[in-house]
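See structure below.
Number of protein chains: 2
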Amino acid sequence: MKILESTVERILPVNGEVMEKTQERLDSLTKPVGSLGVMEYIAKKIAGITNEVKPGLPEKASILMAGDHGVVQEGVSAYPQEVTPQMVMNFINGGAAMSVLTKHVGSELIIVDIGVASDLPEMPFLHKKKVAYGTSNMCKGPAMTREQAVEAIEVGIEVAEDCIKKGKGLISIGEMGIGNTTPSTAIISLYAGKPVEEVVGRGTGVDDGRLKIKIEAINRAIELNQPEVKDPIDVLSKVGGLEIAGMAGIILGASANRVPVVIDGFISGAAAVIATAINPEIKNYLLASHLSEEPGHKAMLDYLDISPMLYMNMRLGEGTGAALATTIIDASLKILNEMSTFAEAGVSEAIEE
Amino acid sequence: MKILESTVERILPVNGEVMEKTQERLDSLTKPVGSLGVMEYIAKKIAGITNEVKPGLPEKASILMAGDHGVVQEGVSAYPQEVTPQMVMNFINGGAAMSVLTKHVGSELIIVDIGVASDLPEMPFLHKKKVAYGTSNMCKGPAMTREQAVEAIEVGIEVAEDCIKKGKGLISIGEMGIGNTTPSTAIISLYAGKPVEEVVGRGTGVDDGRLKIKIEAINRAIELNQPEVKDPIDVLSKVGGLEIAGMAGIILGASANRVPVVIDGFISGAAAVIATAINPEIKNYLLASHLSEEPGHKAMLDYLDISPMLYMNMRLGEGTGAALATTIIDASLKILNEMSTFAEAGVSEAIEE
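Residue numbers (the numbering used here), protein chains in the order written: chain P, 51 to 403; chain Z, 51 to 403.
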């Protein structure tokens with residue numbers, strides 16, 4: 051428990067003074083004030099996080115946490131559980147969407163086995179940090195013990211800090227885990243205070259029959275386990291997942307080190323909700339990427355008070371939307387650093403109204 | 051007139067058969083069917099345009115058309131007209147947002163003086179194709195003659211074809227021209243059949259007083275010139291602009307050569323509306339980039355029946371949103387080309403429902 055507690059204590063407010071100075075520079079650049087919208091917001095937010103008025107281009111890492119879910123026994127997913135380790139191999143072999151997109155944006159892909167239900171071989175780029183062989187079926191009891199939830203968060207903190215020590219300054223997160231929209235739906239239902247029916251979606255693409263099973267399973271798990279919203283670790287252990295806990299740990303670890311984190315879709319959003327429930331200052335360290343097709347994602351982003359930049363009807367997960375967004379974040383920092391001011395370029399400013 | 055007519059005749063339907071084969075490949079890749087949303091749509095659309103099931107990564111050009119507007123005499127803009135040539139110098143010197151973003155995405159920036167109201171020096175990267183020293187004040191008569199409108203369109207066709215001959219396979223468009231949201235508003239008001247008040251915006255950021263002047267000026271210009279919606283060249287010449295005509299020409303020229311065009315915000319949207327009114331098949335050659343802060347942009351995209359991928363509250367123009375989108379288009383083509391299929395990766399497919 052010590053690592054988690056000390057990490058949370060190290061999360062400080064972002065620097066408002068630096069952000070004001072960054073805004074002044076943005077307003078002096080050769081464009082109408084505010085006309086680059088979210089690009090300006092991103093540059094300013096990163097300035098506040100990093101304590102630098104003109105933060106340079108960060109080295110990027112995309113961390114992908116893989117874990118399995120006991121609740122798949124209930125028949126909540128369209129894919130068999132064996133797909134989780136198969137996809138881990140695919141990430142490493144370069145054939146997955148996430149492999150292609152991280153290469154495209156120049157982000158190092160780091161894959162963590164935090165809870166895959168089978169043994170994976172030793173492989174380069176694979177960090178073996180298994181906390182358990184998947185969670186237990188949350189319809190029959192808590193998904194994991196409180197100790198396991200804390201351990202998984204601490205794995206995330208450790209992976210993030212290791213990454214940062216190696217020079218990464220921007221972390222995007224993602225996941226792989228057959229069945230993981232089910233615990234994510236339970237989490238947002240609890241924190242948004244909305245019925246499961248309102249925030250549930252089709253995940254990888256279940257039909258009406260499975261969707262009904264999924265809704266019933268989530269409601270049963272909440273009813274049975276009675277997770278306590280005021281205690282995010284309790285929620286995480288009872289109706290969460292190992293990769294969700296791991297991603298919450300990455301967010302906490304990065305924030306404690308003043309490194310911005312880009313979240314992806316519905317599952318990483320659930321991790322961000324848990325991290326923010328642990329420490330509300332976390333919101334200021336998060337950047338949204340895309341709006342997922344999962345209906346509950348909007349409720350998550352509202353809870354986190356952050357707006358997505360990409361509307362692309364994506365629902366793949368892995369961290370694909372977050373990886374794609376990092377190139378827009380790079381572009382935003384280049385705008386701040388490389389554009390000329392009105393004075394430098396000899397361009398006339400707006401007519402005094 | 052001959053170039054314009056023959057170009058329009060060369061615009062053929064996109065290849066539906068190729069698109070189906072591309073969809074088959076997309077469905078065989080290691081992801082749930084359809085889960086990459088708009089990325090899949092983009093890859094498929096480009097396949098249909100280029101007649102290739104797996105189109106390779108295109109070389110990119112961003113063409114920026116600069117022109118001035120006589121209607122600024124009415125006081126419709128927050129910036130003085132001298133900003134148009136000043137910004138052209140800024141593009142060439144690398145200090146503008148568009149300079150930074152085209153460099154970021156690896157797109158060649160091509161700047162065309164199609165109607166700047168002053169003389170610009172000889173400079174590398176500047177294509178001097180001036181049709182007139184700005185348009186006339188559309189509140190006092192047509193913005194230009196029909197011959198000038200056609201000439202400006204043909205400049206666009208020529209620049210696009212030149213670009214394509216040099217190997218470019220993806221063209222994004224943008225513009226610079228103080229006052230150019232005013233003619234663009236007139237155009238969308240006419241084609242969407244909506245009152246000016248509903249589709250007008252603040253452009254570079256005018257106050258309430260100037261906004262009122264702008265609305266009155268647009269209504270007066272429409273009233274006075276009586277543009278004929280069924281004749282897009284008539285609309286363009288009476289209430290359009292030289293850079294709008296030039297961009298419409300780029301769209302026509304690229305489509306005739308089966309090269310996709312990425313549109314930017316409100317002004318390039320107006321050009322796309324004109325091009326589509328000339329030949330409705332054009333819609334299938336266009337890719338939207340972002341949703342602009344200008345209220346009328348949504349009406350344009352609805353008219354064009356294309357959806358933006360970026361929601362970033364941008365309203366700068368220049369082609370900034372379009373340039374940014376080209377890296378997402380590259381990513382979409384890489385998904386199609388580089389991902390493994392379920393069979394190749396040994397990943398199990400969805401459980402038969």
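From the three backbone atoms N, C-alpha and C, an ideal C-beta is built for every residue, glycine too.
Since residue i sits in a beta bridge, which residues does DSSP pair it with?
{"i": "residue 160 of chain P", "result": "P/113"}
{"i": "residue 286 of chain P", "result": "None; residue 286 of chain P has no bridge partner."}
{"i": "residue 165 of chain Z", "result": "Z/117"}
Following the continuous beta strand (DSSP E) through residue i, name the residue where it begins and the one where it ends.
{"i": "residue 221 of chain Z", "result": "218 to 226"}
{"i": "residue 176 of chain Z", "result": "176 to 178"}
With 9 Å set as the bound, which would you pick, yes or no: does the beta-carbon of residue i sit closer than that to a beta-carbon of chain P?
{"i": "residue 403 of chain Z", "result": "Because residue 403 of chain Z sits at a pLDDT of 48, beneath the cut-off of 50, its placement in the model cannot be relied upon, and the following sentence gives the value as read from the coordinates. Yes, because at least one Cβ of chain P sits closer than 9 Å to the Cβ of residue 403 of chain Z."}
{"i": "residue 397 of chain Z", "result": "yes"}
{"i": "residue 216 of chain Z", "result": "no"}
{"i": "residue 195 of chain Z", "result": "no"}
{"i": "residue 380 of chain Z", "result": "yes"}
{"i": "residue 79 of chain Z", "result": "yes"}
{"i": "residue 173 of chain Z", "result": "no"}
{"i": "residue 226 of chain Z", "result": "no"}
{"i": "residue 360 of chain Z", "result": "yes"}
{"i": "residue 384 of chain Z", "result": "yes"}
{"i": "residue 108 of chain Z", "result": "no"}
{"i": "residue 128 of chain Z", "result": "yes"}
{"i": "residue 394 of chain Z", "result": "yes"}
{"i": "residue 123 of chain Z", "result": "no"}
{"i": "residue 343 of chain Z", "result": "yes"}
{"i": "residue 254 of chain Z", "result": "yes"}
{"i": "residue 82 of chain Z", "result": "yes"}
Could you give the residue range of the alpha helix (DSSP H) that holds residue i?
{"i": "residue 347 of chain P", "result": "347 to 354"}
{"i": "residue 386 of chain Z", "result": "370 to 388"}
{"i": "residue 393 of chain Z", "result": "392 to 395"}
{"i": "residue 52 of chain Z", "result": "52 to 59"}
Is any beta-carbon of chain Z found at less than 9 Å from that of residue i?
{"i": "residue 400 of chain P", "result": "yes"}
{"i": "residue 377 of chain P", "result": "yes"}
{"i": "residue 320 of chain P", "result": "no"}
{"i": "residue 336 of chain P", "result": "no"}
{"i": "residue 161 of chain P", "result": "no"}
{"i": "residue 389 of chain P", "result": "yes"}
{"i": "residue 140 of chain P", "result": "yes"}
{"i": "residue 146 of chain P", "result": "yes"}
{"i": "residue 351 of chain P", "result": "no"}
{"i": "residue 143 of chain P", "result": "yes"}
{"i": "residue 234 of chain P", "result": "no"}
Return helix, strand or coil for residue i, following the three-state DSSP convention.
{"i": "residue 151 of chain Z", "result": "helix"}
{"i": "residue 312 of chain P", "result": "strand"}
{"i": "residue 341 of chain Z", "result": "coil"}
{"i": "residue 336 of chain P", "result": "strand"}
{"i": "residue 302 of chain Z", "result": "helix"}
{"i": "residue 145 of chain Z", "result": "coil"}
{"i": "residue 360 of chain P", "result": "strand"}
{"i": "residue 367 of chain Z", "result": "coil"}
{"i": "residue 291 of chain P", "result": "coil"}
{"i": "residue 330 of chain P", "result": "helix"}
{"i": "residue 170 of chain P", "result": "coil"}
{"i": "residue 138 of chain P", "result": "helix"}
{"i": "residue 64 of chain P", "result": "coil"}
{"i": "residue 307 of chain Z", "result": "coil"}
{"i": "residue 322 of chain P", "result": "helix"}
{"i": "residue 401 of chain P", "result": "coil"}
{"i": "residue 131 of chain P", "result": "coil"}
{"i": "residue 278 of chain Z", "result": "coil"}
Listing by chain order, which chain A residues have their CB less than 9 Å from the CB of residue i?
{"i": "residue 86 of chain P", "result": "Given the protein chain composition of this structure (P and Z), no chain A is represented."}
Enumerated in chain order, which unbroken segments of the beta strand (DSSP E) with a length of 3 residues or greater are wholly contained in the region 67 to 127 of chain P? 109 to 117
Considering only residues of the region 181 to 269 of chain Z, which uninterrupted alpha helix (DSSP H) runs meet the minimum length of 4 residues and lie entirely inside it, listed in chain order? 196 to 215, 231 to 242, 246 to 249
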